[in-house]
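Protein chains: 2
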Amino acid sequence: MALRSRATIADVARLAGVSTATAGRVLGGYGSSREETREQVERAARKLGYRANALARSLITGQTRTIGVVAGDIQNPFYASILRGIADVVETEDFGLLIMNSDENVEKEVRAVNLLLEKQVDGLIVSPCDTRNARHLRDLHASGVPLVLLDRAVAGLDVDRIATENIGTAERAVEVLIRAGHRRIGVVAELVEEQEGGVAGFIRRGLAGDVLSTDTLYPSWQRILGYLRAHRQAGLPVDPALVGRVGSYSADGARKIASALLDRRDRPTALFATDGTMSEGVMRSIAASDLRIPDDLSLVCFDDLEWMGFLSPGITTFAQPRLAMGAATATMLLDRIRGTEIPSRAVLMEGEFLLRGSVSAPGA
Amino acid sequence: MALRSRATIADVARLAGVSTATAGRVLGGYGSSREETREQVERAARKLGYRANALARSLITGQTRTIGVVAGDIQNPFYASILRGIADVVETEDFGLLIMNSDENVEKEVRAVNLLLEKQVDGLIVSPCDTRNARHLRDLHASGVPLVLLDRAVAGLDVDRIATENIGTAERAVEVLIRAGHRRIGVVAELVEEQEGGVAGFIRRGLAGDVLSTDTLYPSWQRILGYLRAHRQAGLPVDPALVGRVGSYSADGARKIASALLDRRDRPTALFATDGTMSEGVMRSIAASDLRIPDDLSLVCFDDLEWMGFLSPGITTFAQPRLAMGAATATMLLDRIRGTEIPSRAVLMEGEFLLRGSVSAPGA
DNA sequence: CTGAAAGCGCTTACAG
DNA sequence: CTGAAAGCGCTTACAG
Numbered sequence: 010m011a012l013r014s015r016a017t018i019a020d021v022a023r024l025a026g027v028s029t030a031t032a033g034r035v036l037g038g039y040g041s042s043r044e045e046t047r048e049q050v051e052r053a054a055r056k057l058g059y060r061a062n063a064l065a066r067s068l069i070t071g072q073t074r075t076i077g078v079v080a081g082d083i084q085n086p087f088y089a090s091i092l093r094g095i096a097d098v099v100e101t102e103d104f105g106l107l108i109m110n111s112d113e114n115v116e117k118e119v120r121a122v123n124l125l126l127e128k129q130v131d132g133l134i135v136s137p138c139d140t141r142n143a144r145h146l147r148d149l150h151a152s153g154v155p156l157v158l159l160d161r162a163v164a165g166l167d168v169d170r171i172a173t174e175n176i177g178t179a180e181r182a183v184e185v186l187i188r189a190g191h192r193r194i195g196v197v198a199e200l201v202e203e204q205e206g207g208v209a210g211f212i213r214r215g216l217a218g219d220v221l222s223t224d225t226l227y228p229s230w231q232r233i234l235g236y237l238r239a240h241r242q243a244g245l246p247v248d249p250a251l252v253g254r255v256g257s258y259s260a261d262g263a264r265k266i267a268s269a270l271l272d273r274r275d276r277p278t279a280l281f282a283t284d285g286t287m288s289e290g291v292m293r294s295i296a297a298s299d300l301r302i303p304d305d306l307s308l309v310c311f312d313d314l315e316w317m318g319f320l321s322p323g324i325t326t327f328a329q330p331r332l333a334m335g336a337a338t339a340t341m342l343l344d345r346i347r348g349t350e351i352p353s354r355a356v357l358m359e360g361e362f363l364l365r366g367s368v369s370a371p372g373a
Numbered sequence: 010m011a012l013r014s015r016a017t018i019a020d021v022a023r024l025a026g027v028s029t030a031t032a033g034r035v036l037g038g039y040g041s042s043r044e045e046t047r048e049q050v051e052r053a054a055r056k057l058g059y060r061a062n063a064l065a066r067s068l069i070t071g072q073t074r075t076i077g078v079v080a081g082d083i084q085n086p087f088y089a090s091i092l093r094g095i096a097d098v099v100e101t102e103d104f105g106l107l108i109m110n111s112d113e114n115v116e117k118e119v120r121a122v123n124l125l126l127e128k129q130v131d132g133l134i135v136s137p138c139d140t141r142n143a144r145h146l147r148d149l150h151a152s153g154v155p156l157v158l159l160d161r162a163v164a165g166l167d168v169d170r171i172a173t174e175n176i177g178t179a180e181r182a183v184e185v186l187i188r189a190g191h192r193r194i195g196v197v198a199e200l201v202e203e204q205e206g207g208v209a210g211f212i213r214r215g216l217a218g219d220v221l222s223t224d225t226l227y228p229s230w231q232r233i234l235g236y237l238r239a240h241r242q243a244g245l246p247v248d249p250a251l252v253g254r255v256g257s258y259s260a261d262g263a264r265k266i267a268s269a270l271l272d273r274r275d276r277p278t279a280l281f282a283t284d285g286t287m288s289e290g291v292m293r294s295i296a297a298s299d300l301r302i303p304d305d306l307s308l309v310c311f312d313d314l315e316w317m318g319f320l321s322p323g324i325t326t327f328a329q330p331r332l333a334m335g336a337a338t339a340t341m342l343l344d345r346i347r348g349t350e351i352p353s354r355a356v357l358m359e360g361e362f363l364l365r366g367s368v369s370a371p372g373a
């Protein structure tokens with residue numbers, strides 16, 4: 010029963026009767042060595058149960074073949090799928106994957122980034138909590154650490170990023186409802202970051218085409234922008250009272266906001282849920298009500314969760330290609346790690362329209 | 010704009026006018042140092058933007074403060090929640106978390122374990138693909154690496170493990186259906202590992218009380234055992250034709266098996282789905298049929314997925330405490346890493362009964 | 001192709 | 001409390 014202390018290259022070299030440099034060359038697969046020498050060393054290594062110590066190697070090469078990811082919550086299907094996409098490409102390249110949660114909390118994000126940096130990851134994928142308060146990310150980039158931003162951008166930080174084309178996709182989603190004849194469309198959205206003038210101010214500016222730097226907006230605010238555009242395009246008025254702000258990434262918060270909307274005397278005839286978590290909350294609210302989809306209420310969601318397909322009726326939604334997003338993120342990061350010097354890229358992915366049965370004409 | 014190459018302890022020591030040993034002591038928080046010295050060093054470190062290199066530290070201390078996890082599929086809600094539970098305790102202790110997928114494939118599992126070991130993780134959590142073919146895990150344990158098994162056990166490997174009390178929980182689940190009056194209860198289960206005599210042979214032996222070493226059985230086989238016990242207890246015959254074997258961790262496979270069961274002339278009046286993936290497939294099958302829950306078909310599931318709560322009717326199920334399972338797994342592993350010498354523990358968690366609306370009397 | 005030596009960035013006895 | 005020296009397990013020039 011071997012002890013924890015394993016054989017080192019020195020042990021192997023001794024047994025094989027060569028120098029540590031030679032043993033290192035064959036075991037590490039670099040430099041060149043005679044066939045015969047190689048066999049000797051390999052035999053010795055096998056005999057001793059040698060396993061490379063990546064720490065020592067990394068200390069010299071300056072590369073750990075490990076990347077770090079800071080996600081909001083790995084348990085959320087959105088992140089879980091993206092992580093799987095990342096893991097798939099990373100595993101192909103024999104890289105390790107260090108994962109941490111931020112819970113959308115900047116301090117936790119900072120701590121996570123620091124921990125990953127101390128562990129000398131070769132690059133970082135971060136889904137930033139805050140699009141403005143992100144000095145740590147700017148410093149990171151300035152210090153030359155490969156970085157790819159996921160789902161969100163950061164003001165004044167020009168690095169590779171990947172996200173959903175939120176404005177356009179949300180606009181199409183709301184269009185689906187407008188085309189079906191809906192005039193009062195409620196929204197349930199996170200909208201965590203404060204905007205000048207609050208929701209009402211944002212709506213006013215959005216309708217006036219006065220919202221600038223839209224790509225450093227939080228996804229849910231971008232989706233509201235799509236909602237506004239669809240209305241303007243159709244010449245429909247927007248009732249600010251129908252834009253439900255949850256203020257956090259909470260399904261239960263979404264349930265409450267949705268219930269408040271549905272309890273109104275002038276309740277909306279359709280709802281737009283701006284992501285998976287919001288959709289879950291909205292569904293809980295509807296399930297607890299007497300309303301039936303789509304007869305009493307139409308629904309369009311954002312992001313495709315497994316249950317949306319087997320509910321009856323199915324839920325019409327715009328799927329984000331999460332696995333592909335993850336894979337693309339990892340590929341971009343590996344590119345940078347390998348030293349690509351091309352200008353930073355912003356990859357925006359369209360949501361895929363999944364027509365199911367949750368939309369009908371109002372009062373149909 | 011600082012370059013990638015960061016300040017080292019030597020740089021800080023030089024600027025502070027002390028030795029590297031002293032600088033190391035204050036920056037690393039070990040040994041003792043004068044208040045004044047400490048301030049000097051810290052000032053220098055701040056000025057240079059010093060950040061510790063955990064690699065160098067780990068090489069000396071022999072600890073990386075990183076643990077590795079090999080899960081079946083991090084995208085699966087079962088693993089995603091468990092990982093979150095693990096991450097929560099691990100982050101508290103300032104440990105890193107290296108995560109890999111096995112896709113229930115032994116070769117991938119072996120590769121993952123090797124990669125993690127080369128990266129010198131302090132310990133490993135593995136959800137083993139194969140309860141018998143697991144030499145790599147036995148060797149691992151023999152070499153003294155802290156190891157905790159998740160969800161599944163390995164024959165002849167006496168290490169800490171955590172799992173659901175599958176037999177008892179499944180027995181209770183099937184009891185719920187029997188008490189409601191069901192006599193023909195179908196099962197949809199993975200049952201990936203071959204058993205002597207196949208499903209029919211296993212049923213025969215199970216009813217005869219002839220299945221030994223039940224705790225190294227795959228979870229789905231254990232759950233079948235619970236199904237059999239409930240029948241025996243109630244004096245009900247078991248029809249092997251009603252035990253649907255999917256043979257893989259596939260929701261679509263489960264959908265097909267469920268549909269085959271429901272298409273039978275003598276179709277079951279109730280279904281038991283042995284885990285989340287199976288439940289999803291079963292739901293897809295039911296959604297595509299004309300059957301209504303619970304009037305035409307009763308259903309009990311295993312594991313609680315978000316949608317089970319807001320479907321109407323809700324799905325009666327036995328929830329696995331996934332977050333707590335993850336947390337307990339991590340806690341056990343950290344215990345071992347800290348050197349606890351107590352005998353190995355097997356923590357079996359009961360499923361929590363969630364009574365919702367998917368069960369009624371047959372033909373009601 | 002191979003070896004002796006230096007060194008990656010830290011921590012750890014050991015003196016003083 | 002502090003410093004000089006050694007060393008963790010590798011890889012990398014540099015000779016030969």
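Sequence order for the protein chains is A and B.
Using the working numbering, the letters of the first sequence correspond one by one to residues 10 to 373.
Using the working numbering, the letters of the second sequence correspond one by one to residues 10 to 373.
Every residue, glycine too, gets a C-beta built ideally from N, C-alpha and C.
Legend entry - Beta-bridge partners of N110(A), as assigned by DSSP: A80(A)
Legend entry - Cut-off 6 Å between Cβ atoms - residues of its own chain near A282(B), not counting five sequence neighbours on either side: Contacts found: V197, S288, V291 and C310.
Inset, instruction - Compare the Cα-Cα distances from A279(A) to each of G253(A), C138(A) and D169(A) and report the closest residue. - result: G253(A)
Legend entry - alpha helix (DSSP H) runs wholly inside the stretch 83–144 of chain B, at least 4 long, in chain order: 86–101 and 115–127
Inset, instruction - Return the first residue and the last residue of the beta strand (DSSP E) that A43(B) is part of. - result: Here the sequence assigns Arg to residue 43(B), which means Ala is not the residue at that position. Where R43(B) is concerned, there is no enclosing beta strand (DSSP E), given that its DSSP letter is neither H nor E.
Legend entry - Length of the line joining the Cα atoms of L156(A) and H150(A): 7 Å
Inset, instruction - Could you tell me which of R93(B), A63(B) and V122(B) sits nearest to M109(A), measuring between CA atoms? - result: R93(B)
Legend entry - Euclidean distance between Cα positions of T178(B) and E359(B): 6 Å
Inset, instruction - Closer than 7 Å by beta-carbon distance: list the chain A residues that pair up with C103(B), in chain order. - result: For the record, residue 103(B) in the displayed sequence is Asp; it is not Cys. Within 7 Å Cβ-Cβ: L124.
Legend entry - Cα-Cα separation between S222(A) and R141(A), rounded to whole angstroms: 12 Å
Legend entry - Which of helix, strand or coil DSSP assigns to V309(A): strand
Legend entry - contact_flag[the stretch 122–129 of chain A, the stretch 70–88 of chain A] where n(CB pairs < 8 Å) is 3 or more: Contact annotation: the stretch 122–129 of chain A touches the stretch 70–88 of chain A, with at least three C-beta pairs closer than 8 Å.
Legend entry - Pairwise C-alpha distance: V135(A) and R264(A): 28 Å
Inset, instruction - Please determine if the stretch 323–332 of chain B and the stretch 355–369 of chain B are in contact, where contact requires at least 3 C-beta pairs separated by less than 8 Å. - result: yes
Inset, instruction - Check the Cβ of W230(B) against every Cβ in chain A and list those closer than 7 Å, keeping chain order. - result: Simply none; closest approach about 25 Å.
Legend entry - Proximal residues, the stretch 259–281 of chain A versus chain B, C-beta separation under 7 Å: For the stretch 259–281 of chain A, which is checked against every Cβ of chain B, not one residue is closer than 7 Å.
Inset, instruction - Put T278(A) into one of helix, strand or coil per three-state DSSP. - result: coil
Legend entry - Contained alpha helix (DSSP H) runs [length at least 4] in the stretch 198–284 of chain B, N- to C-terminal order: 207–216, 228–243 and 260–272
Legend entry - Closest residue to Q129(B) among K117(B), D261(B) and V154(B) (Cα-Cα distance): The candidate whose alpha carbon is nearest that of Q129(B) is V154(B).
Inset, instruction - Give the range of the alpha helix (DSSP H) segment to which A25(B) is assigned. - result: A25(B): member of the alpha helix (DSSP H) spanning I18 to A25, first to last residue.
Legend entry - Start-to-end residues for the beta strand (DSSP E) that takes in E361(A): If you look at E361(A), you'll find it in the beta strand (DSSP E) that goes E361 to L363.
Inset, instruction - Note down, in chain order, every chain A residue with its Cβ under 7 Å from the Cβ of M292(B). - result: F319
Inset, instruction - Determine the burial state of Q84(A): buried for a count of at least 16 other Cβ atoms within 10 Å of its Cβ, exposed for fewer. - result: Under a 10 Å Cβ-count criterion, Q84(A) is classified as buried, with 16 or more other Cβ atoms of the shown protein chains found around its own Cβ.
Legend entry - Cross-chain neighbours of I83(B) in chain A, by beta carbon under 8 Å: I83, A89, L92, R93 and A96
Inset, instruction - Take every Cβ of the stretch 218–236 of chain A, pair it with every Cβ of the stretch 192–210 of chain A, and state whether three or more of those distances are shorter than 8 Å. - result: Touching, yes.
Inset, instruction - Determine contact between the stretch 187–197 of chain A and the stretch 267–278 of chain A, defined as no fewer than three beta-carbon pairs at a distance below 8 Å. - result: yes
Inset, instruction - Following the continuous beta strand (DSSP E) through A328(B), name the residue where it begins and the one where it ends. - result: Element bounds for A328(B): T325 to A328.
Legend entry - Neighbourhood of L436(A) by C-beta, 7 Å cutoff - its chain only, sequence neighbours within 5 removed: Not covered by the structure: residue 436(A). The range shown for chain A is 10 to 373.
Legend entry - A297(A), enclosing alpha helix (DSSP H) - first and last residue: Neither: A297(A) is in no alpha helix (DSSP H) and is coded neither H nor E.
Legend entry - R170(A) (DSSP reduced to helix, strand or coil): Here R170(A) sits in strand by DSSP.
Legend entry - C-alpha gap between D139(B) and L159(A), whole angstroms: 35 Å
Inset, instruction - Tell me whether the beta-carbon of E127(B) lies closer than 8 Å to the beta-carbon of A96(A). - result: no
Legend entry - Under 8 Å from the C-beta of T75(B): neighbouring residues of chain A: Correct list: L107 and K128.
Inset, instruction - Using 10 angstroms around the beta-carbon of T101(A), count the other beta-carbons present and answer buried if the total reaches 16, otherwise exposed. - result: exposed
Legend entry - Cβ neighbour criterion (16 or more within 10 Å) applied to Q49(B): Q49(B) comes out buried.
Inset, instruction - Please state if the CB of V220(A) and the CB of G256(A) are separated by a distance shorter than 8 Å. - result: Remark: C-beta atoms of G256(A) and V220(A) do not approach each other more closely than 8 Å.
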